[in-house]
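A.B. asks: Following numbering that gives the first Met the number 0, the numbering of the sequence shown begins with 0 at its first residue and continues without gaps.
Glycine included, C-beta positions come from ideal geometry on N, C-alpha and C.
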Amino acid sequence: MKIIDGKALALKLRAELKEKIDRSAVKPGLAVVIVGNDPASQIYVRNKIKACGEVGIRSYSYELPASATQKELETLLDSLAVDPSVDGILLQLPLPKSLDAESATAHIPFEKDVDGFSAKNLGLLTLHKERVVACTPLGIMKLLEHEGVTLAGKRAVVLGRSETVGKPMAMLLLNADATVTVCHSKTVGLKEICQSADVLISAVGKAKFVTEDMVKEGAIVIDVGMNRDENGKLCGDVDFEAVKDKTSLITPVPGGVGPMTITMLMYNTYLTKGVKRD
Ligand code: NAP
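1) What is the DSSP secondary structure of A103, reduced to helix, strand or coil?
2) With a threshold of 6 Å on Cβ separation, who are the neighbours of F109 within its own chain once the five nearest residues in sequence on each side are excluded?
3) Note down the Cα distance separating F208 from D222, rounded to an integer number of angstroms.
4) For G204, verify whether its CB is less than 6 Å away from any heavy atom of the ligand NAP.
5) Any heavy atom of the ligand NAP closer than 6 Å to the Cβ of S161?
6) In terms of alpha-carbon separation, which member of D114, A105, G35 and S97 lies closest to T262?
7) Considering only the alpha carbon of each residue, which of G35, A7, K19 and V25 lies closest to Y266?
8) Please identify the residue among K111, V44, V156 and S58 whose C-alpha is closest to the C-alpha of T186.
9) What do you reckon, is the C-beta of S184 under 6 Å from a heavy atom of the ligand NAP?
10) Taking Cβ positions, are V85 and G28 nearer each other than 7 Å?
11) By the three-class DSSP mapping on this structure, what secondary structure does K205 have?
12) Just to check my reading of the structure: T135 and V32 have Cβ atoms closer than 8 Å, yes? What is that Cβ distance to the nearest angstrom?
13) Comparing C-alpha positions only, which one of G231, E240, L233 and D228 sits nearest to V220?
14) Between I192 and the rest of its own chain, which residues show a CB-CB distance below 8 Å, the 5 nearest in sequence each way excluded?
15) Under 6 Å from any heavy atom of the ligand NAP, does the C-beta of M213 make it?
16) So, with DSSP's three-state summary, where would you put I33?
17) Report all residues from its chain with a CB closer than 6 Å to the CB of A206; omit the five preceding and five following residues, and keep chain order.
18) Would you give the residue range spanned by the beta strand (DSSP E) that E62 belongs to?
19) Per DSSP, which residues does N226 bridge with? Please list them.
20) Considering only the beta carbon of each residue, do A133 and T104 sit closer than 7 Å?
21) If the criterion is Cβ atoms closer than 7 Å, does the pair L137 and M170 meet it?
22) Quick check: does the Cβ of T180 come within less than 6 Å of any heavy atom belonging to the ligand NAP?
23) I'd like to check one pair, S195 with R154: are the Cβ atoms closer than 7 Å?
Quick look at the structure:
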């Protein structure tokens with residue numbers, strides 16, 4: 000069993016990216032938009048802006064109150080869309096319930112979509128012509144690649160089908176020639192499906208959801224979940240202590256997938272600048 004050190008790889012990739020950005024004449028610029036005062040979202044946004052500073056990306060932060068209207072948010076996004084100093088636009092999700100995320104996201108032009116959530120970027124992923132890919136699944140692929148995992152022919156099971164994690168994750172695995180099963184809240188026989196997985200990726204959002212009896216001996220287990228346990232401590236979806244010795248590779252929470260997500264955001268911002276100029 001090996002515990003994958005996502006933090007170490009994230010730092011290495013960030014250092015490499017910084018070198019590339021240091022060499023380029025014009026630094027990429029990222030606009031980060033947050034609406035409302037959800038504490039978790041505020042922490043994510045702070046970390047993203049800090050990471051921008053570390054790799055040499057210019058960042059612009061826009062905070063709208065929870066009372067902001069759809070029109071106000073979309074007017075801001077429209078102005079960033081035509082701002083030449085902004086290469087990438089990140090709209091921190093979730094939005095307050097009064098706002099429509101799908102409609103707002105449509106105001107981010109595909110060329111500035113650093114999250115890979117636009118219909119065009121999702122379509123390109125489906126066509127196996129990946130351009131900008133959602134940060135968390137992309138980070139997982141980099142982790143697997145770094146560990147020398149060959150996905151062709153492997154049975155991969157993805158728990159969760161969100162547009163931001165589960166679906167793009169499944170598509171990346173499929174594009175890498177894995178045989179992919181996607182599970183969700185209506186899946187019947189979840190335990191047996193998980194037991195067949197050579198690679199099990201959990202993005203459900205429930206602490207201790209993946210138990211020891213769901214994991215095949217020697218499986219690779221990737222934990223996307225970010226939850227709080229009964230003591231308020233950050234934990235993933237996987238019952239780590241019970242599961243780890245059965246696996247060949249496993250990501251911890253914290254220190255696994257999370258650090259890679261922000262690094263991939265930096266990478267995507269760098270990419271959008273290049274793509275825009277093509
Ligand atoms: P989400 O949109 O809430 O999706 C959760 C998925 O889990 C849904 O597809 C849901 O199925 C499925 N699910 C719920 N109960 C289930 C059950 N009993 N059996 C099987 N599937 C079940 O969440 P998300 O945005 O994808 O995020 C998932 C987790 O990853 C959260 O903990 C989030 O905080 C974390 N996350 C971490 C990072 C990171 O960087 N580490 C990034 C993003 C998200 P239905 O579709 O049927 O409802």
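C.D. replies: The answer reads as follows:
1) The answer is helix: DSSP assigns A103 an H, G or I state.
2) S117 and K119, listed in sequence order.
3) D222 has its alpha-carbon roughly 10 Å from the corresponding atom of F208.
4) Yes - the ligand NAP has a heavy atom lying nearer than 6 Å to the Cβ of G204.
5) At least one heavy atom of the ligand NAP is nearer than 6 Å to the Cβ of S161, so yes.
6) The option with the nearest alpha carbon to T262 is D114.
7) Taking the Cα of Y266 as reference, the smallest distance to any Cα among G35, A7, K19 and V25 is reached at K19.
8) Closest option to T186, Cα to Cα, is V156.
9) Checking every heavy atom of the ligand NAP against the Cβ of S184, one is found closer than 6 Å.
10) Going by C-beta atoms, V85 is nearer than 7 Å to G28.
11) For K205, the secondary structure class from DSSP, reduced to helix, strand or coil, is coil.
12) The pair is not a contact, with the Cβ atoms about 19 Å apart (cut-off 8 Å).
13) Distance check between V220 and each of G231, E240, L233 and D228 places E240 closest, using alpha-carbon atoms only.
14) Excluding sequence positions up to five before and after I192, its CB lies within less than 8 Å of the CB of V156, T180, C182 and T186, all in the same chain and listed in chain order.
15) M213: no, Cβ never under 6 Å from the ligand NAP.
16) In the structure shown, I33 sits in a strand (DSSP, three-state: E or B).
17) Within the same chain, A206 has close Cβ partners N226, D228 and C234.
18) Counting along the chain, the beta strand (DSSP E) containing E62 begins and ends at R57 to L63.
19) N226 has C234 as its beta-bridge partners, per DSSP.
20) It is not a contact, given that the beta carbons lie outside the stated cut-off.
21) Cβ atoms of L137 and M170: not closer than 7 Å.
22) Every heavy atom of the ligand NAP is 6 Å or more from the Cβ of T180, so no.
23) In this structure, R154 lies near S195, with their beta-carbon atoms less than 7 Å apart.
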